[in-house]
Amino acid sequence: MQNKIKQLNRMKNLSITAILLIPIFFASGNLFADSNEKEGKFLLDFNWRFKLESEIAAESQETIHLLEMKSLAKAGLHNGITGLNFSDSTWRNIDLPHDWAVELDFVNDPNLESHGYHPVGHKYLENSIGWYRKKFFIPKNDEGKRLNIKFDGVFRNCEVWLNGFLLGNNTGGYMEFSFDVTDIINYGGNNALTVRVDASKYEGWWYEGAGIYRHVWLIKDAQAYIPENGIYVFCNVMDNYSWVNIQTNLICKDSDAEKYQLFHSIIDGEGNVIGKMNESVLLKKDSERKISGKIKITNPTLWSIDNPYLYKLISEVKCGDELLDYKETTFGIRTVRFDPEKGFFLNEKPLKIKGACVHQDHAGVGVALPDRLQYYRIERLKEMGCNAYRSAHHPPTPELLEACDKLGMLVMDETRLLSSTKEYLDQFERLILRDRNHPSVIIWSLGNEEMNIHNVESGKRVAQTLKTIQRKLDPSRLCTYAGNNRGNYHGVNEVVDVRGVNYYGRTYDNVRTNNIDQYHKENPTQPILGSEEASTLCTRGQYTVNEYKAFMSDYDKKENTFYPWCTNAEEWWKYFMEREWMAGGFIWTGFDYRGEPGPYIWPAVSSNFGVMDVCGFPKNNYYYYKSWWTDEDVLHIYPHWNWPGKTGDTINVWCQTNCESVELFLNGKSLGEKSVEKYSHVEWDVVYEPGLLEARGIKNGKKIVKKIETTEAVAMLTISPDRRTINADGEDVSVVNITALDIHGREVPDADNFIVFEIEGNGKIIGVGNGNPSSHEPDKILEGKYFRRLFNGKCQVIVQANRQAGKIKLTAISDELKPCSVEIEAKKSTVRPCVNDFQEGSF
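To convert, note that position 601 of the sequence shown is 800 in the numbering used here; the numbers rise steadily by one, no gaps.
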């Protein structure tokens, strides 16, 4: 048994469930898991059809909304758009995840400002309602099982149909939901899943996308089974051992058997079985039981940001010798503690939270991120020294949390709204149940800046209701609330365990006011966390404010703190580091995001708040945080040194560094040495002349040198994929960055060449971007070749493999430059279990 588990653990990207329970066959050079047999979780992402409702109406095709509801007269009797026999041959073929809003042109309408100027909303109903259809086959031997269809996230409101039966509706765009389809699915034949998505109502004040933008699954269970999210693991860590507490929900639906066995095994990171338990369970038909137990683990390896060590809990349900259910739960053993005087502790070691608030969209793909892109973004944050992620202002996608678990990123997990109505209590419960086993999640957030109620008794009551539910479902964590109510203790802040502060100081009449020191003095037993700080506005590679183009400068100056709540990077971080009782904080934001442009609006279509742009290209503040958030040697000098026509003008030169001192040279002449104050930067006013600007820093007696030069014109392009080998599974991506170089191979920082992309082989382009907040070029091109203009020397292409192994060749073509190509290997890989597609001749 132990050796078998070791072997299976090495087979990445295929669950042990699939290996043990599901036959496999070879197809297109890959291992495919067949959904014909046994129980498990099967991906339902491939080969959907999509069309906007307005386009369907223009073709006079029947929908239940555009014509009379005569088709609802009898259950399941509907030959229209939700029926199995409806012809969707004119619809577009797509794979999930999918965001149709990012495909739309930009429209200069002030009502769209906060949402990225993509025309979705109540004024643009023709673009705001879409229909999806997926035909699939269910084998006859699935009869007798419990079948559920689960959606990880759809934006926004939707109704779901199967074979003409209305399964139900979902309100809200950020939480998973599911439907039991056991009774109405067609066994031994084809089925049609139809989803109407209505994105005409917003939930936030940022770009939210539109469509089925997260995964869809078919879940098959026996009649006695552990439901999705039915296992809760939490640990009590002692000096040299840990109790792993396991709570398991076991459901029996339609089975005459009453005696079952529940087995749990814990597998360490090397594949060894290190703990077991089992229990006999009496369970009658149509009943449910919660079974609690615990396993002792000696000398556990603790999960941390530097060593994100994970264990697996293998859970099996048996009736006699028959295996009915099998579940894997990944967890970590660690402790978290918020102390009102000493700050935050991970595994009883003090750790300052160096966090970033992040919205979920990325260049090229909108909110429909492939799983690998979640890892890419967390990796970029980790390289900066960031150790915590706030899912602002809504629940994250499950794959984001998996990336945080595996890469070592703490998470502040946030629900969408501070509300205790039935709808939002249900969403909050689903959030807790879904995410409570992730070791990366260190605290729950009950909401963000609910100014209407957070200072009053109603807000206090709502917060108490949410906290009570959170404690019941997950007593192992505390809760907070991201409040912009400064020093006010009344209302929500009375309830939450950890006070969340959005913007510790605000400016009135050019005077910075701060109530948090006084708040701490008056409430000394409540830990305090900076839930949102900075909001510094910068445009990558720009060094003057350009109102016409809606660009901010890429310095950390006062002009970049445009709003009264904003602070410079070094201002807020120095404040937090000088106060041991501050647990740390989250910058607004880790990445630029579509929508909420500021301070200038159109032509800007995305924000300037990020320390990286929407592609993940660093701005200069990135290196401020890297200087003080990591132990790496950092010496970053800016601006660039290409200033034609400015010879003799004064250029402000900055260095972001953790050196003790820096001396600056221009063309070999010293411009002076300066000491570096902790949590600050150094700067010089330099009379410009072309040539070589050189910074020489000293750190712990070691010399560190950084140079920038005046470049020549663009002579070539270079293509840099983040990975040259990806999985041929139809999902995996390589993030390819393109940079302009001169004849000497130096980056040309102000290049804006227009580039056309060609792709050959076993992959496709799924999106492009360049980080320009005012670019109106399309991220998605549905017909024809992809293209993008460089923005300050860079742009990005996201390449996705198909499900056939082989080479992918990406070529960048720009006038008067030699085409530049790169090859990416799509390797044979194990594709995770998928639902079988529609089969001709089956009914």
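From the three backbone atoms N, C-alpha and C, an ideal C-beta is built for every residue, glycine too. All values derive from a computational prediction rather than experimental measurement.
| query | Could you check where the alpha helix (DSSP H) with F627 kicks off and where it finishes? | reply | Here residue 627 refers to the residue found at position 428 of the sequence shown. That run of the alpha helix (DSSP H) goes K621 to D634.
| alpha helix (DSSP H) containing F781: first to last residue? | On the sequence shown, residue 781 is found 582 positions in, with the first residue counted as 1. Residue 781 is actually Met in this sequence, not Phe. It is not in any alpha helix (DSSP H) - M781 instead sits in the beta strand (DSSP E) that spans M781 to W787.
| Can the beta-carbon of R488 be found less than 8 Å from the beta-carbon of L512? | On the sequence shown, position 289 is the one that residue 488 refers to. On the sequence shown, position 313 is the one that residue 512 refers to. No.
| message | Rounded to whole angstroms, what is the Cα-Cα separation between N428 and R988? | response | Numbered from 1 along the sequence shown, position 229 holds the residue referred to as residue 428. Numbered from 1 along the sequence shown, position 789 holds the residue referred to as residue 988. Each residue's alpha carbon lies about 45 Å from the other.
| task | Could you say which of C1033, D951, G900 and N477 lies nearest to V913 if we only look at CA atoms? | result | For this step, residue 913 is matched to residue 714 along the sequence shown. For V913, the nearest C-alpha among the options comes from D951.
| DSSP three-state call for Y822: helix, strand or coil? | Against the sequence shown, residue 822 aligns to sequence position 623. Note: Y822 maps to helix in three-state DSSP.
| task | Out of G371, S313 and I918, state which residue places its alpha-carbon closest to the alpha-carbon of D397. | result | Indexing the sequence shown from 1 puts residue 397 at position 198. Considering only alpha carbons, the answer is G371.
| In the structure shown, what three-state DSSP assignment does V913 receive? | Numbered from 1 along the sequence shown, position 714 holds the residue referred to as residue 913. Coil at V913, not helix or strand.
| request: Taking only the alpha-carbon atoms, compute the straight-line gap between C585 and F376 and give it to the nearest angstrom. | output: Reading the sequence shown from its first residue, position 386 is the one you call residue 585. Reading the sequence shown from its first residue, position 177 is the one you call residue 376. When rounded, the distance between both Cα atoms is 32 Å.
| Span of the beta strand (DSSP E), counted from its first residue to its last, around D379 | By one-based count along the sequence shown, residue 379 stands at place 180. Its beta strand (DSSP E) spans residues F376 to D379.
| Spatial distance of M1049 from G783 (CA atoms) | Missing from the structure shown is residue 1049; the chain here goes from 200 to 1042 and no further.
| Contacting residues, own chain, Cβ-Cβ under 6 Å from V1034 (five flanking each side not counted) | Numbered from its first residue, the sequence shown carries residue 1034 at position 835. The answer, listed in chain order, is S234, F241, L243, F335 and L417.
| Start and end residues, beta strand (DSSP E) containing C585 | Your numbering for residue 585 matches position 386 in the sequence shown. Careful: C585 lies outside any beta strand (DSSP E) and carries neither H nor E.
| query | To which residues does DSSP link F544 through a beta bridge? | reply | Stepping through the sequence shown from its first residue, residue 544 is reached at position 345. In DSSP, F544 forms a bridge with R536 and P549.
| If we call anything under 8 Å between Cβ atoms a contact, is N971 one with A1004? | Looking up residue 971 in the sequence shown gives position 772. Looking up residue 1004 in the sequence shown gives position 805. Their beta carbons are not under 8 Å apart, which means N971 does not touch A1004 by this criterion.
| message | Please report the straight-line C-alpha distance between L863 and S826, rounded to a whole angstrom. | response | Along the sequence shown, one-based indexing puts residue 863 at 664. Along the sequence shown, one-based indexing puts residue 826 at 627. If you take the alpha carbons of L863 and S826, they lie about 18 Å apart.
| Would you call the segment 896-916 and the segment 828-847 touching, i.e. three or more CB-CB distances under 8 Å? | yes
| Whole beta strand (DSSP E) elements within the segment 712-782, 3-residue minimum | Runs of beta strand (DSSP E) with 3 or more residues, each lying fully within the segment 712-782, are found at 727-733, listed in chain order.
| query | Is the CB-CB distance between A768 and A733 below 8 Å? | reply | The residue labelled residue 768 in the question sits at position 569 within the sequence shown. The residue labelled residue 733 in the question sits at position 534 within the sequence shown. Yes.
| message | For D351, count the other beta carbons within 10 Å of its own beta carbon; 16 or more makes it buried, fewer makes it exposed. Which is it? | response | Taking the sequence shown and counting its residues from 1, the one referred to as residue 351 is at position 152. The residue is buried, with at least 16 neighbouring Cβ atoms inside 10 Å.
| Ends of the alpha helix (DSSP H) at S253? | Reading the sequence shown from its first residue, position 54 is the one you call residue 253. It spans E252 to A257 - the alpha helix (DSSP H) in which S253 sits, taken as one unbroken run.
| Under a three-way DSSP split, which group does E412 fall into? | Walking along the sequence shown from the start, residue 412 turns up at place 213. Note that residue 412 corresponds to Tyr in the displayed sequence, not to Glu. Taken through DSSP and simplified to helix, strand or coil, Y412 comes out as coil.
| request: List the residues that DSSP assigns as beta-bridge partners of K419. | output: In the sequence shown, counting from the first residue as 1, residue 419 sits at position 220. Answer is G239 and L346.
| request: Pick out whichever of V535, K756, L509 and Y386 has its Cα sitting closest to the Cα of T529. | output: In the sequence shown, the residue the question calls residue 529 occupies position 330. Out of V535, K756, L509 and Y386, L509 has the C-alpha closest to the C-alpha of T529.
| request: Kindly indicate which residue of W360, V661 and E888 has the alpha-carbon position closest to the one of N651. | output: By 1-based counting over the sequence shown, the position of residue 651 is 452. Cα-wise, what sits closest to N651 is V661.
| Would you report the Cα separation of W828 and V640, rounded to the nearest angstrom? | Along the sequence shown, read from residue 1 onward, the residue named residue 828 stands at position 629. Along the sequence shown, read from residue 1 onward, the residue named residue 640 stands at position 441. So the alpha carbons of these two residues sit roughly 20 Å apart.
| task | Give the secondary structure of P920 by DSSP, where H, G and I count as helix, E and B as strand, and everything else as coil. | result | By one-based count along the sequence shown, residue 920 stands at place 721. Reduced to three states, the DSSP call for P920 is strand.
| said: Pairs of beta-carbons, one from the segment 913-927 and one from the segment 866-882, closer than 8 Å: are there three or more? | reply: no
| query | Where does the unbroken alpha helix (DSSP H) through G658 begin, and where does it stop? | reply | Position 459 of the sequence shown holds residue 658. That run of the alpha helix (DSSP H) goes E656 to L672.
| task | Given a cut-off of 8 Å, decide if D848 and Y887 are closer than it, judged by their beta-carbon atoms. | result | If you number the sequence shown from 1, residue 887 lands on position 688. If you number the sequence shown from 1, residue 848 lands on position 649. Their beta carbons are under 8 Å apart, which means Y887 touches D848 by this criterion.
| request: Quick one: using the 10 Å Cβ neighbour count with 16 as the cut-off for buried, is A274 buried or exposed? | output: Residue mapping note: residue 274 aligns to position 75 of the sequence shown, counting from 1. With fewer than 16 Cβ atoms within 10 Å of its Cβ, A274 is classed as exposed.
| said: Taking the beta strand (DSSP E) that C451 belongs to, which residues open and close that run? | reply: Here residue 451 is taken as the residue at index 252 of the sequence shown, counted from 1. Counting along the chain, the beta strand (DSSP E) containing C451 begins and ends at Y440 to C451.
| message | If you reduce the DSSP assignment to three classes, tell me which class E613 lands in. | response | As a first step, residue 613 is located in the sequence shown; it is residue number 414 there, counting from the start. Of the three classes helix, strand and coil, the one that applies to E613 here is strand, per DSSP.
| field | Distance, E302 Cα to H975 Cα | value | Counting from 1 along the sequence shown, the entry for residue 975 is found at position 776. Counting from 1 along the sequence shown, the entry for residue 302 is found at position 103. When rounded, the distance between both Cα atoms is 12 Å.
| query | Terminal residues of the continuous alpha helix (DSSP H) containing K605? | reply | In the sequence shown, the residue the question calls residue 605 occupies position 406. Here the alpha helix (DSSP H) through K605 covers P597 to L606.
| task | Count the CB pairs spanning the segment 724-732 and the segment 750-762 that are closer than 8 Å, and state whether there are at least three. | result | no
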